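First comes the structure, then the notes that go with it.
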Amino acid sequence: MKNAPLLKIEDLRTYFYSRSKQAFIRSVDGVNLEIRRGETLGVVGESGSGKSITALSVLGLISGGPGVIAGKILFGSNGEQKDLLDGLEGYVKIGREQNRIMQVSKDVLGWERRSDEVMRTIRGGEIAMIFQNPKASLNPFTPVGKQITEAIRLHTKITDAQEAAERAIYWLKRVKIDSPALRFDNYPFGLSGGMCQRAMIAMALACEPALLIADEPTTGLDATIQSKIVDLLAELKSELGTTTMLISHDISVISRLSDSVVVMYGGTVVEYGPVRDILTASISSKHPYTSALLASIPGEEHVRDKVALQAIEGDVLDTINIPAGCRFYARCNRVTPKIRENCERREPDLREIAPGHRARCWLYFD
Amino acid sequence: MRLSGLRPIALVLTREVMITVLLLLGVSFVVFVILYLAPGDPFSMLVEGQVQSEEARAGAREALGFSQSWYSQYFSWVTQMLQGDFGTSIRTGLPVASELVFVGFNTLILTIGSMLVTLLIAVPIALYSSVRGTTALSWPLTMFAYVVSALPVFWLGYIVIYIFMHRFGLFPLMTSSSRGFSWLYALLPIVVLGVGNGTISEVIRSLRDEMGRVMSEDYIRTARAKGASVWKHSFKEGFLIPVTEIIAAKIPFILGGAVIVEQVFNWPGMGRMAWQAAQDRDFPVIMGIAMLAAVFVRMGSMFQRVVYVMVNPRASKE
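So the sequence lines, in the order shown, correspond to chains W and X.
If you want the working numbering, it's the 1-based position in the first sequence plus 196.
If you want the working numbering, it's the 1-based position in the second sequence plus 11.
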């Protein structure tokens with residue numbers, strides 16, 4: 197049990213039914229990943245690749261519209277493994293007519309009640325989450341300190357208001373907010389974006405969660421503030437060693453903070469492995485999408501020699517009409533005549549190409 | 012609430028009171044000019060046939076100051092009003108001020124009561140449909156609300172009187188001579204005005220949309236992510252603020268409906284008094300009621316401002 201991963205996602209599918217198109221938008225389409233205790237897993241990919249939806253699915257925060265979630269999200273804590281999607285299947289009914297989905301009905305309230313029941317001790321307690329756009333993520337009508345003490349009193353043994361306030365101030369200090377006792381009474385509108393994100397981090401960590409999900413924690417902040425938030429996260433990582441799932445489209449953030457990396461494309465994992473193998477551009481055995489992603493980052497030579505950046509051709513995958521073959525085929529520049537047929541017809545598995553390094557590409561199938 | 016929190020409220024109240032004073036002056040001027048320009052005066056309407064000679068009428072007009080220029084009449088009215096003297100009713104000879112207190116109280120009961128009835132119907136439907144979305148139940152509920160909103164209040168009033176008073180005798184009939192207040196008399200007009208003031212569907216729609224908008228805010232997602240109560244976090248922006256705004260915005264509609272309901276139920280309030288006074292061209296009474304109605308409307312908006320400032324930390328910085 198000790199070696200079991202803290203979080204193991206098996207074949208996660210999160211679909212949203214589009215009534216007008218009578219089809220599912222397959223935002224997350226068969227994601228498998230694991231987060232070991234103490235590690236930071238980086239999740240990269242373009243907008244719309246399903247990163248955030250995967251994270252929101254873990255916390256059961258998929259709301260609005262008839263969203264359908266299937267697969268397993270196994271979360272191991274306190275010595276037992278729990279499937280966070282347990283018992284949710286019964287609340288969705290799919291009406292089909294000759295392979296075509298005609299109707300999806302979801303008992304939203306029943307679904308939410310069941311999800312709330314399963315997630316009761318987990319949301320905010322065992323899994324905490326920080327979001328992008330921190331100013332909008334804090335309640336504008338409540339002082340920052342009160343929002344932190346609320347979390348503390350909900351999920352820790354501390355119930356006394358005075359004690360919780362002291363604890364909140366301790367955490368505000370810990371995330372390097374100056375004069376924390378004064379900031380405690382401030383409303384979010386009186387704080388800068390960077391300070392709001394620090395307060396969000398304090399609120400998330402104050403309950404000492406087993407898993408921290410950081411969904412684009414630096415997006416929407418000024419560049420200088422971004423690097424300060426990354427510094428803070430790095431420092432907290434070395435001090436606390438909290439297991440973290442870090443979602444970002446910023447490769448530099450991911451490479452600085454992560455131990456392992458998952459690359460997502462079109463709702464699925466295309467590559468998974470240690471951060472060194474995946475995000476070092478000079479190691480060429482990797483998924484063509486990852487290579488293209490790395491080539492699109494401005495490096496020193498682009499600035500020095502005014503070399504044009506290499507954008508990835510084509511558009512992000514349309515997750516309603518997913519092709520039969522490889523999802524990246526239409527945009528791929530490494531298709532060889534030998535594998536072309538496979539690329540077009542069949543989706544490859546996620547196969548190990550080096551120890552601990554897996555990729556979903558026909559190039560590595562012999 | 013800490014003492015420092017009271018300062019913005021005091022500021023807002025001061026500002027609102029100043030606006031109210033200016034507004035009252037404006038309203039009184041407009042109403043006065045309209046009355047002055049309208050054909051007829053109390054003596055052509057009321058005293059017809061009672062005062063025989065043209066000389067006697069002229070004497071009465073003279074005694075009441077009607078021969079002065081319109082602006083000197085207006086200024087003497089304003090100076091008296093500022094001292095709390097609204098003059099005497101030409102029809103009854105009673106002082107308008109004490110009359111206003113009496114009818115104002117009755118209409119206040121009717122207005123607050125009907126507002127509560129409206130909210131009691133609209134709020135649960137709005138919350139239900141914002142939380143659960145479109146369901147098998149939300150559709151008929153909304154339909155019901157639209158139909159009810161379309162019922163004309165006078166028609167509803169007569170139907171209710173027929174059924175509950177004449178047919179079953181469940182409620183006593185109100186007579187114009189009854190001066191005392193009784194909740195039993197009040198119940199029927201309050202419910203009729205609350206249901207029939209025509210605002211229910213609008214209240215449902217605005218509250219449902221507002222609550223739905225707040226529910227999709229990022230900070231509500233944060234509340235869910237930390238396992239806190241979504242209702243608690245959405246209460247201020249999604250419920251308290253829109254409800255007070257609705258109350259402030261709908262008071263004029265309810266006062267308008269009160270004129271009809273007070274006629275139908277013989278309810279001794281300012282609506283019925285206004286109706287009577289308009290027919291009699293009873294200038295002092297009309298002016299007094301115009302002032303009182305304006306005060307009621309301003310009270311609603313003051314209430315809304317105070318709640319907003321108390322709830323929204325940013326408002327006190329504005």
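For every residue, glycine included, the Cβ atom is placed at its ideal position computed from N, Cα and C.
Treat the numbers as computed from the prediction; the structure is a model and nothing was measured.
| request: Establish whether the CB of Glu228(X) and some CB of chain W are separated by less than 9 angstroms. | output: Position 217 of the second sequence, counted from the first residue, corresponds to residue 228(X). At least one chain W Cβ lies under 9 angstroms of Glu228(X).
| message | Counting C-beta neighbours from all protein chains within 10 Å, is the total for Leu167(X) 16 or more, i.e. buried, or is it exposed? | response | By 1-based counting over the second sequence, the position of residue 167(X) is 156. When all chains shown are included, Leu167(X) counts as buried.
| Terminal residues of the alpha helix (DSSP H) in which Gln422(W) lies | Along the first sequence, one-based indexing puts residue 422(W) at 226. Element bounds for Gln422(W): Ala419 to Leu436.
| field | Ranges of the alpha helix (DSSP H) found wholly within the stretch 449 to 498 of chain W, counting only runs of at least 4 | value | 471 to 475 and 484 to 491
| Extent of the continuous beta strand (DSSP E) run through Leu505(W) | By one-based count along the first sequence, residue 505(W) stands at place 309. Where Leu505(W) is concerned, there is no enclosing beta strand (DSSP E), given that its DSSP letter is neither H nor E.
| If we count the other Cβ atoms within 10 Å of its Cβ and call it buried at 16 or more, is Ile164(W) buried or exposed? | Nothing can be reported for residue 164(W): it is not among the residues displayed for chain W, which extend from 197 to 562.
| message | Assuming His553(W) is part of the beta strand (DSSP E), what are its boundary residues? | response | Residue mapping note: residue 553(W) aligns to position 357 of the first sequence, counting from 1. Start and end: His553 to Ala555.
| message | 9 angstroms is my cut-off, CB to CB: does Ser312(X) come that close to chain W? | response | Mapped onto the second sequence, residue 312(X) falls at position 301. So no, Ser312(X) is outside the interface.
| task | Would you mind telling me which residues of chain W sit closer than 7 angstroms to Glu248(X), beta carbon to beta carbon, in chain order? | result | Here residue 248(X) refers to the residue found at position 237 when the second sequence is read from its first residue. What Glu248(X) touches in chain W: Phe337.
| query | On the three-state DSSP scale, how would you describe Leu255(W)? | reply | Residue numbering aside, residue 255(W) sits at position 59 when the first sequence is read from its first letter. Of the three classes helix, strand and coil, the one that applies to Leu255(W) here is coil, per DSSP.
| Nearest to Phe212(W) (by Cα), restricted to the options Lys204(W), Val224(W), Leu202(W) and Ala526(W) | In the first sequence, counting from the first residue as 1, residue 212(W) sits at position 16. Taking only the C-alpha atoms, the option nearest Phe212(W) is Val224(W).
| field | Local conformation of Gln358(W) per DSSP, three classes | value | Locating residue 358(W) in the first sequence gives position 162, where the first residue counts as 1. Reduced to three states, the DSSP call for Gln358(W) is helix.
| Neighbour list for Ala239(X) in chain W, Cβ cutoff strictly below 8 angstroms | Position 228 of the second sequence, counted from the first residue, corresponds to residue 239(X). By Cβ distance, chain W contributes Gly320, Glu346, Ala347 and Leu350.
| task | Closer than 9 angstroms by beta-carbon distance: list the chain W residues that pair up with Arg143(X), in chain order. | result | On the second sequence, residue 143(X) is found 132 positions in, with the first residue counted as 1. Simply Val304 and Leu305.
| task | Compare the Cα-Cα distances from Ala285(X) to each of Val171(X), Gly209(X) and Val107(X) and report the closest residue. | result | By one-based count along the second sequence, residue 285(X) stands at place 274. Checking every option, the nearest Cα to that of Ala285(X) belongs to Val107(X).
| What does Ala289(X) touch in chain W if you count any residue whose Cβ is under 9 angstroms from its own? | Residue mapping note: residue 289(X) aligns to position 278 of the second sequence, counting from 1. Here the premise fails: no neighbours, minimum Cβ distance about 46 angstroms.
| request: Check the Cβ-Cβ distances between Arg18(X) and every residue of chain W, and say whether any is below 9 angstroms. | output: For the purposes of this step, residue 18(X) is taken as residue 7 along the second sequence, with counting starting at 1. No, Arg18(X) lies away from the interface with chain W (no Cβ there is under 9 angstroms from its Cβ).
| Are the C-beta of Ala156(X) and some C-beta of chain W separated by less than 9 angstroms? | Position 145 of the second sequence, counting from 1, holds the residue named residue 156(X). With 9 angstroms as the cut-off, Ala156(X) does not count as an interface residue toward chain W.
| Are Ala324(W) and Met399(W) touching if we call contact CB-CB under 9 angstroms? | Mapped onto the first sequence, residue 324(W) falls at position 128. Mapped onto the first sequence, residue 399(W) falls at position 203. In this structure, Met399(W) lies closer than 9 angstroms to Ala324(W) by Cβ.
| Enclosing beta strand (DSSP E) for Gly263(W) [first to last residue] | Counted from its first residue, the first sequence places residue 263(W) at position 67. Start and end: Gly263 to Ser273.
| Nearest-angstrom Cα separation, counted from Ala402(W) out to Asn117(X) | The sequence position of residue 117(X) within the second sequence is 106, counting from 1. The sequence position of residue 402(W) within the first sequence is 206, counting from 1. Spanning the two alpha carbons is a distance of roughly 55 angstroms.
| request: Below 7 angstroms between beta carbons is the criterion; list the residues of the stretch 239 to 259 of chain W that meet it against any residue of chain X, in chain order. | output: Leu255 and Leu257
| field | Cβ separation of Val457(W) and Gly238(W), assumed to be a contact under 8 angstroms, to the nearest whole Å | value | Taking the first sequence and counting its residues from 1, one reaches residue 457(W) at position 261. Taking the first sequence and counting its residues from 1, one reaches residue 238(W) at position 42. With 8 angstroms as the limit, Val457(W) and Gly238(W) qualify as a contact, their Cβ atoms being about 4 angstroms apart.
| query | Is it buried or exposed for Phe43(X), if we count other Cβ within 10 angstroms and need 16 for buried? | reply | Taking the second sequence and counting its residues from 1, one reaches residue 43(X) at position 32. Its Cβ being crowded by 16 or more others within 10 Å, Phe43(X) is buried.
| Any Cβ of chain X within less than 9 angstroms of the Cβ of Phe271(W)? | Residue 271(W) sits at position 75 when you count from the first residue of the first sequence. Phe271(W) does not count as touching chain X.
| Okay, do the stretch 131 to 138 of chain X and the stretch 210 to 222 of chain X touch, 3+ Cβ pairs below 8 angstroms being the bar? | yes
| query | For a contact meaning CB atoms closer than 7 angstroms, what does Ala236(X) contact in chain W? | reply | Position 225 of the second sequence, counted from the start, is the residue given in the question as residue 236(X). Those within 7 angstroms of Ala236(X) in chain W are Leu255, Leu257, Arg319, Gly320 and Met325.
| Residues near Asp293(X) in its chain [Cβ-Cβ closer than 7 angstroms; skip 5 each side] | Numbered from 1 along the second sequence, position 282 holds the residue referred to as residue 293(X). Excluding residues within five positions, the ones whose Cβ falls inside 7 angstroms are Pro53, Ser100, Ile101 and Arg102.
| query | Among the residues of its own chain, which have a CB less than 6 angstroms from the CB of Cys528(W), if the five just before and after it don't count? | reply | Position 332 of the first sequence, counted from the first residue, corresponds to residue 528(W). So the qualifying residues of the chain are Pro484.
| query | What residues match up with Gly238(W) in a beta bridge as DSSP calls it? | reply | Residue mapping note: residue 238(W) aligns to position 42 of the first sequence, counting from 1. Note: Gly238(W) sits in a beta bridge opposite Leu442(W) and Val457(W).
| task | Consider the Cβ of Pro324(X): report whether some Cβ of chain W lies at a distance smaller than 9 angstroms. | result | Along the second sequence, one-based indexing puts residue 324(X) at 313. Yes, Pro324(X) counts as interfacial toward chain W.
| query | Which residues share a DSSP beta bridge with Asp411(W)? | reply | In the first sequence, residue 411(W) corresponds to position 215, counting from 1. Asp411(W) pairs with Ile443(W).
| query | Quick one: does Met197(W) have its CB under 9 angstroms from some CB of chain X? | reply | Counting from one through the first sequence, the residue named residue 197(W) turns up at place 1. Residue confidence is low: Met197(W) scores 48 on pLDDT, short of 50, so the model does not pin down where it sits. Its coordinate-derived value is still stated next. With 9 angstroms as the cut-off, Met197(W) does not count as an interface residue toward chain X.
| task | Mind checking who Arg208(W) pairs with in its DSSP beta bridge? | result | For this step, residue 208(W) is matched to residue 12 along the first sequence. A quick correction: the sequence has Leu, not Arg, at residue 208(W). DSSP output for Leu208(W) lists Val227(W) as bridge partner(s).
| Positions along the stretch 78 to 95 of chain X whose CB lies within less than 8 angstroms of some CB in chain W | none
| field | Integer Cβ distance of Ile252(X) from Val322(X), believed to fall under 8 angstroms | value | Stepping through the second sequence from its first residue, residue 252(X) is reached at position 241. Stepping through the second sequence from its first residue, residue 322(X) is reached at position 311. 6 angstroms between Cβ atoms; contact.
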